[in-house]
Amino acid sequence: LDRGLLRGPPALRIKVPLAARVHQAQCLNPTAACPAKWGALQPIYIHPGYPPEVVFDIYYRFMRPEYNKEYQDYIFSGSGYGWHQEVLIQCIRMIMTGVFDRFPNLQIIIGHMGEGLPFFYERIVGDMGEVTEDSLNKPIGQYFSDNFWYTTSAFFQDELLHLLLRYISVDRVMFATDYPFADMKAGTDWFRAVDLPREAKEKIAYRNAEKLFGIKV
């Protein structure tokens, strides 16, 4: 994936939280601010962003005084926890508001082993499935399989990868390291040692990225 983003056809990259930073219509229609052809032809990579002030004040401010500013401003609200929940919420919102019914070819990439989706998958599908069955074109879980791609970036854990693959096809998972924020060698060493069939490892390592980005590795 790292190479695909650098060398392949450009993927539109969006940082979330989208709400409170852009107009509501744009938040729920990610193709509103760009040519219509992008929604059909280009994958969109959604990467976490730091929360707006109103969210930060409610959830992350007023920590214990011994916690330094870096922890409060960047770790708790960012890579330590907040980032991942924010991305998953926005992905669910796009499904629930019918974005993928209007743009069935739209492809979204999310990192960090699914941003918490594997852990919450059965809860999301079970609790939200009946509520949305009359308003969406497909079961809610089907959108996670048809319109999303997932990367391993910075989450180099066998158990998490196997949990993701329990719910998502290996054809939708791509290897990534989160360079330069995560150690590339640690990521590649981890993936080489993962216990998966050769065909599955090849798909995750490069074949899926070749297919999505139209590149040859």
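Its first residue numbered 1, the sequence shown is counted upward by one per residue in the UniProt record's numbering. Glycine is no exception: its CB is placed at the ideal position from the N, C-alpha and C atoms. Keep in mind the model is a prediction, meaning the values are calculated, not measured.
- For Phe175, no beta strand (DSSP E) segment is defined, and its DSSP state is neither H nor E.
- Two segments are said to touch when three or more pairs of C-beta atoms, one from each, lie closer than 8 Å; by this definition the segment 206-214 does not touch the segment 136-147.
- A straight line joining the alpha-carbon of Ala182 with that of Phe119 spans about 22 Å.
- By the neighbour-count criterion, in which a residue is buried when 16 or more other Cβ atoms sit within 10 angstroms of its Cβ, Ser77 is buried.
- In this structure, Thr152 lies near Leu161, with their beta-carbon atoms less than 8 Å apart.
- DSSP assignment within the segment 74-140 yields the following whole beta strand (DSSP E) runs of 3 residues or more, N-terminal first: 108-110.
- Spatial neighbours of Tyr50 in its own chain (CB-CB distance under 7 Å, excluding positions within 5 residues in sequence) are listed in chain order as Ser77, Gly78.
- Counting along the chain, the unbroken beta strand (DSSP E) around Phe148 starts and ends at 148-151.
- Just measuring C-alpha positions, the residue of Tyr179, Arg172, Leu196 sitting nearest Asn208 is Arg172.
- The residues Ile95, Phe100, in chain order, have a CB closer than 7 Å to that of Tyr143 in the same chain once the five nearest residues on each side in sequence are set aside.
- In the pairwise beta carbon analysis, the segment 111-118 is classified as touching the segment 80-92: at least three pairs are separated by under 8 Å.
- In terms of CA proximity to Gln107, Ile46 leads the group Asp189, Lys216, Ile46.
- Residue state for Ile44 is assigned as strand, using DSSP reduced to three classes.
- Pairing Phe191 with Ala200 gives a Cβ-Cβ distance that is not under 8 Å.
- Membership of Met63 in any alpha helix (DSSP H) is not indicated, and neither H nor E is assigned to it by DSSP.
- Nearest Cα to Phe155 within the set Met184, Pro43, Ile92: Met184.
- Around the beta carbon of Ile124, 16 or more other beta carbons sit within 10 angstroms, so the residue counts as buried.
- Boundaries of the alpha helix (DSSP H) harbouring Phe213: 208-213, taken from the DSSP string.
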